[in-house]
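Encoded as structure tokens, the structure appears first; notes follow it.
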Amino acid sequence: MAFASKNPLINLLHLSDGMRNESTRPWIGILAVILAAFVSTLSSRLTNFGVADIGGALGASFDERAWITTSFSSAQMLMGPLAVWLGLVYGPRRVLLTGTLVFGFAELLLPMCRELEGFLVLHFLAGLGSGTFVPLAIGVVVRNLPKHLWPLGISVYAMNLELSLNIAATLEGWHLDHGGWEWIFWQNLPLAIALVICVYFGIPREPIKQDVKGKGDYWGMAFAGLGFSLVYAALDQGNRLDWGSSGLVVGLLVGGGGLIVAFIVHGYKNPQAFIDFRFLLARNIIPLVLLLVTARLLVLSSNFIVPQFLTQVAGFRPQQVGEILLWVALPQFLIGPCVGVILRYVDARILMTIGMSLILTACILASRLTSLWSESEFIPSMLMQAIGQTMVLTSLIFYTVRHLNPVLVITFGAVIQTARLMGGELASALVQSFARVSTQIHSNLLGMHVVAGDSSLVERLSGFTHGTLSRFGVGDPLNTARGTALLAGQVRAQAQTLAYSDAFLLAAATAVMGLFLIATLRPPPA
């Protein structure tokens, strides 16, 4: 893709093949990429699973504890544009070392803070530190690893995103049973130390680009970081606060949207803007960004819909949910490297198509669920989805890297980081709102068939009431009320089951859209 930027600042950051600073210890560099992707995603996911226990320890209400996860992820979004720029000017090594130290320090102090306000500040600080990990991890692969190791580096990057997303429930349950909620954060200390060691020895030092150090487009980065962070927070809180009914959500959307508009206008008018918007018009870029958002939604079909069904309908605890998610996590150790090897010989679009087809099939199989399903019924579709998701994510990232023009590397990093985080939050907000509304619709439709005096209803209610008689005695005046409550619980469980079935069908429709997007991709530049 021959493409020269009109932005003189971007051209100064040109990284030709002759200037690539390859690591003399590439395997340690690959391990740094693994840990960076793993730690960033695992931290957010663990906090999400343990937010009830963390909030309880802090004495926070349900509404207050909802901001715990938002503070971390919105900080990562805020850091994205700045991290990419700092990595290019100062080198990924310096930025990753600084970010890891900030992250580790905050994770050490978090369990010691028992005031919600201080906790949120520290968690936001941890998010800023870890916000450097993911946007710079792919940069490490492209800038510092030999080209023949790119497929392997990208495959372990994608593998660890999947692994960390699906192992978090098991770890959270184990920590609560054997240590306490504090270890949700303290477990990151040895990981941070290992990441510092791998970055220090595996990523080469680069000279600071003194000629551009003080010439950054800081207004553009501020508009982008703050704008997308505010929109992210609105999406994260929207389902809880009922979207347009909340002045806070509306304010966040309006404020964030206004800053994003300012960022776009600034980018078009400022010749020193750190984003070259012509990059989005280059071939394949728009379909690739849409595919990344699509892939993020499909990932939710395994790590959101299944856990929600198992906890709300089947009554599973987090650690029990983790056991089923391990069927997605553990195969990554085999699937990821295999996909990386295959990518050296097979067109990435073919692997994307095969992987998307596997996800489509898995979603259709899972949509047949009933309220009696348990972990064993999910295993076939989960295994199929594990293979498909790794094939899609690895091939997608590898194919996208093939479009990396050194002149536009800063634009690429910013776009991909934003699409990854914002795409995941958009997908999460969509699936949560869809499941909530679908549950309400099915509950209403099922309730229309519960007619007083109907013979089948009387028979079912009598059975429930008889069960309470044997437990509480004939003379208990609440037996009828208990029987009615049991019936209402069954109606609610059936409504939730139908809603999650619909959510799997939504994921299947998204996979079909993904197949169409893959079909539009043209061969990458040589």
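In our numbering, the protein residues as written are 1 to 526.
We treat Cβ as the ideally placed atom computed from N, Cα and C, and that holds for glycine.
Since we're looking at a predicted model, the values are computed, not measured.
Outcome for residue i when other beta-carbon atoms lying within 10 angstroms are tallied against a minimum of 16
i: G473; result: Low confidence applies to G473: its pLDDT is 49, below 50, so where it sits in the model is not reliable, and the reading given next is rough at best. With fewer than 16 Cβ atoms within 10 Å of its Cβ, G473 is classed as exposed.
i: Q210; result: exposed
i: H178; result: exposed
i: E206; result: buried
i: S245; result: exposed
i: S73; result: buried
i: G475; result: The pLDDT assigned to G475 is 47, lower than 50, so where the model puts this residue is not dependable, and the model offers no usable value.
i: N444; result: exposed
i: E162; result: buried
i: A488; result: exposed
i: G225; result: buried
i: A519; result: exposed
i: D217; result: buried
i: R65; result: buried
i: G247; result: exposed
i: M448; result: exposed
i: R317; result: exposed
Close Cβ partners of residue i (< 6 Å) along its chain, the five nearest in sequence each way excluded
i: L343; result: P151, F398
i: A435; result: A499, A503
i: A427; result: R296, L297, L300
i: M356; result: V392, A511, G514, L515
i: Q432; result: N239
i: I28; result: C198, F201, G202
i: S256; result: The sequence given here places Gly at residue 256; Ser does not occur at that position. So the qualifying residues of the chain are G227, L230, V231.
i: P331; result: A386
i: I359; result: L298, Q385, G388, A511
i: S367; result: S501, F504, L505
Coarse secondary structure for residue i, derived from DSSP in three states
i: L343; result: coil
i: G139; result: helix
i: A509; result: helix
i: E115; result: coil
i: G315; result: coil
i: G91; result: coil
i: R522; result: coil
i: N284; result: coil
i: P81; result: helix
i: T400; result: helix
i: L369; result: coil
i: M448; result: coil
i: R25; result: coil
i: A158; result: helix
i: P151; result: helix
i: Q272; result: coil
i: S501; result: helix
i: T361; result: helix
i: T132; result: coil
i: G59; result: coil
i: L252; result: helix
i: L330; result: coil
i: P337; result: helix
i: P146; result: coil
i: R246; result: One point to set straight first is that residue 246 is Ser, not Arg, in the sequence displayed. Here S246 sits in coil by DSSP.
i: S374; result: coil
i: A386; result: helix
Nearest-angstrom beta carbon gap, residue j and residue i [assumed within contact, 8 Å]
i: L310; j: I324; result: 7 Å
i: G80; j: G131; result: 6 Å
i: V156; j: G388; result: No, V156 and G388 are not in contact; Cβ-Cβ is about 18 Å, not under 8 Å.
i: G129; j: V102; result: 3 Å
i: M77; j: F228; result: 5 Å
i: A192; j: V39; result: 7 Å
i: I30; j: G153; result: 5 Å
beta-carbon residue i near the ligand NAD non-hydrogen atom, thresh 8 Å
i: S245; result: By its list of ligands, the structure shown contains no ligand whatsoever, and the ligand NAD lies outside what it can speak to.
Chain-order list of residues whose beta-carbon lies under 8 Å from that of residue i (same chain, five-residue window excluded)
i: L120; result: W67, I68, S71
i: F62; result: G55
i: E425; result: S73, Y232, L235, D236
i: Y200; result: R93, L97
i: L517; result: P287, L290, L291, T294
Proximity test, Cβ basis, 9 Å: residue i and chain C
i: S61; result: In the structure shown, chain C cannot be found, because there is only a single protein chain.
Residues near residue i by beta carbon distance below 7 Å, same chain, minus five either side
i: T370; result: T497
i: F185; result: E107, L110, P111
i: H442; result: A495, L498, A499
i: A32; result: V140, L195, C198, V199, G202, I203
i: A75; result: F124, G127, L128, G131
Exercise for the section: Run through the segment 160–243 for me and flag every whole beta strand (DSSP E) of 3 or more residues, listed as ranges in chain order. Expected result: none
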